[in-house]
Amino acid sequence: MTPNTRIFDGHNDVLTRIFKAGGIGAADGFIIGQDGHIDLPKARMGDFGGGFFAIWIPTAEELDDDFSAMESEQYDIPLPEAVDATDAIQIALEQAAILFRLEELGALKVCVTTAELRDCLERGKLAAILHMEGAEAIDPELHALDVFYRAGLRSIGPVWSRPTIFGEGVPFRYPGSPDTGGGLTELGFDLVRRCNALRIMIDLSHITERGFWDVAEHSTQPLVATHSNAHAICPHVRNLTDRQLEAIAQSDGMVGVNFAAAFLREDGRMIDDVPLEQMLRHFDHLLNILGEDRVGFGTDFDGAVVPKAITDASGLPALTEAMRKHGYDEVLMTKLCHRNWLRVLQKTWGA
Ligand code: ZN
């Protein structure tokens, strides 16, 4: 039996962190401990059971993790330009190779079925889903999608917060509506069809509202946003409106609660002074609209400024304790911590 509050998580950027720290040669840091939110020692301390490990393509100016522009009372950071496909494929291959290196080192297991995920969670082995945050590395003919699928890719966001040949993401803007730009392109519809055929999960975090409705109308899968919060509580463009949440509920999909301060705080500022009660407000709001079976975690570890009450993966028990005190019973805790992710992945993957 898996411990009730072992956490399976919708999003982390640890592959990007290792990539920036020097690439495959820096993978050992994950085992012995490294700067940042997730490594093996911190995962063990916090009962972090694994999650979606994102391939993400940085652009030159983003290499420093500079969130200072998002500390202001309002901001509207221009959408970065599309990334060159040749650069993207090279970086995507390297980040996938980093994940496989971590598996080789015994740090985790790359899982492609929910049976494998469940087994890892029960044994206390870190479980990883290979995920792509933004489809920059996928060519118009989708050959790369087929190849990455064979390499274990089971989840993809058509866009990060920038345009791709498939659609457009929302900028980092506060306050604002997620209706910031165009929907899926013709190639974007092709991508959705192919993902449906291969049963690759489509992640709607970062996509424009129009893109969201395009996927909602055409995808045969449950709608999933791996790391987004409630717009009704924090009106950031990265968060989901109640209408979007209702569509996710109708499709029997789910949302992972994002720990990024800017998407939690009512004032949208990326500063780590966030009481745990503010996180509980997002959980409560999502639970109200989505129901108990459609909410989970989407930490954004190693990709955001997170509440100092948590700090990193080793601090997760502070949150689970606050959730229990808030009145969430053990059945609900298990659902939020991992069971709901397993449920929606089983529906999506069929295995
Ligand atoms: Zn993200």
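The sequence shown lines up with residues 9 to 359 when you count with this note's numbering. Beta carbons: idealized from backbone N, C-alpha and C, even for Gly.
Quick check on the DSSP output: the alpha helix (DSSP H) that includes residue i runs from which residue to which?
i    : result
G264 : Run containing G264: none in the alpha helix (DSSP H); it sits in the beta strand (DSSP E), M262 to V265.
R52  : L48 to G54
N204 : E194 to L206
G165 : Where G165 is concerned, there is no enclosing alpha helix (DSSP H), although the beta strand (DSSP E) it sits in stretches over L161 to G165.
F38  : D36 to I40
Considering only residues of the same chain and omitting the five flanking positions on each side of residue i, which have a CB-CB separation below 7 Å?
i    : result
R109 : I32 and A35
D301 : K343, N348 and R351
D250 : A240 and I297
I97  : A145 and A152
T121 : W357 and A359
The beta strand (DSSP E) spanning residue i covers which residue range?
i    : result
M140 : A135 to E141
I85  : Y83 to I85
D17  : I15 to N20
L253 : No beta strand (DSSP E) contains L253, which is instead part of the alpha helix (DSSP H) from D250 to Q258.
Identify whether residue i lies in helix, strand or coil by the three-state DSSP scheme.
i    : result
L226 : A quick correction: the sequence has His, not Leu, at residue 226. Helix at H226.
R109 : helix
I65  : coil
T122 : helix
F156 : helix
I26  : helix
A233 : strand
T10  : coil
In the DSSP output, which residue or residues are listed as bridge partners for residue i?
i    : result
G177 : I215
G189 : Per DSSP, none; premise fails for G189.
L272 : None, per the DSSP bridge assignment.
F60  : I137
I210 : I164
A238 : L248
T172 : G175
Grab me the residues of residue i's own chain with a C-beta within less than 8 Å of its C-beta, minus the 5 sequence neighbours each way, in chain order.
i    : result
P283 : P315 and A317
L138 : F61, I63, A104, L107, V118, F156, A159, G160, L161, R162 and S163
R273 : C242, I279, V282 and Q286
L288 : A330, M331 and H334
F16  : G57, G58, G59, L125, L129, A135, G304, F305, C345, H346, W349 and L350
Please list, in chain order, all residues of the same chain as residue i whose beta carbon is under 6 Å from its beta carbon, the five residues on each side excluded.
i    : result
S322 : K50, M53 and G54
S259 : P230 and L231
D47  : F38 and G41
T10  : L129 and E130
L87  : R170 and P179
A100 : I63 and A145
Inside the stretch 276 to 358 only - alpha helix (DSSP H) runs reaching at least 4 residues: 284 to 298, 324 to 333, 338 to 342 and 348 to 357
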